[in-house]
Amino acid sequence: MSQCLPYGHFNWLTEEEKIKLDITKVKADSSDGYISPLAPERKHIQVEHVSPYSKELLHNLTGKQCLTKIEKLFPNLYDKEKYIVHYRNLQLYVELGMKIKKIHRVIKFKQSPWLKKHIDFNT
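The sequence shown lines up with residues 1 to 123 when you count with my numbering.
Next up, the structure:
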């Protein structure tokens, strides 16, 4: 809650602005933030993306040291077509190798760490 949070000036970007925007270069403390519904490609989970706890749990339950090539279940089996994601999460997903098929729209907003003083005062 002490990081930058949206506070106003919510606007949809035009198609031209959306094309020009490189979401991977927006800084975490930028005065502008972005949220976008997009269509990610399907991703196969690699061993290095699994937490140490999950690896230990797998070993304890099955006796196996590594993942099998079984697809994992999600809340539904449909492709994600309008998955809404904050730009900071999107930066992480892209860094981890996620490919984006399409960005449908982008909401731009003003952001600041407006709760930081309150959080710091109370902790």
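Glycine is no exception: its CB is placed at the ideal position from the N, C-alpha and C atoms.
Just so it is clear, the structure is predicted and the values come from calculations on it, not from any experiment.
For residue i, three-class secondary structure by DSSP
i           : result
residue 111 : strand
residue 50  : coil
residue 61  : helix
residue 80  : coil
residue 94  : helix
Span of the beta strand (DSSP E) around residue i
i          : result
residue 29 : Looking at the DSSP string, residue 29 is not in any beta strand (DSSP E), and its letter there is neither H nor E.
residue 5  : 5-12
Terminal residues of the alpha helix (DSSP H) in which residue i lies
i           : result
residue 119 : 116-121
residue 19  : 15-20
C-beta atoms of residue i and residue j nearer than 8 Å
i          : j          : result
residue 83 : residue 38 : yes
C-alpha gap between residue i and residue j, whole angstroms
i           : j          : result
residue 101 : residue 41 : 6 Å
residue 55  : residue 95 : 22 Å
residue 52  : residue 59 : 11 Å
residue 115 : residue 30 : 16 Å
residue 57  : residue 15 : 46 Å
residue 1   : residue 79 : 31 Å
Bridge-paired residues (DSSP) for residue i
i           : result
residue 2   : In DSSP, residue 2 forms no bridge with anything.
residue 85  : 36
residue 102 : 39
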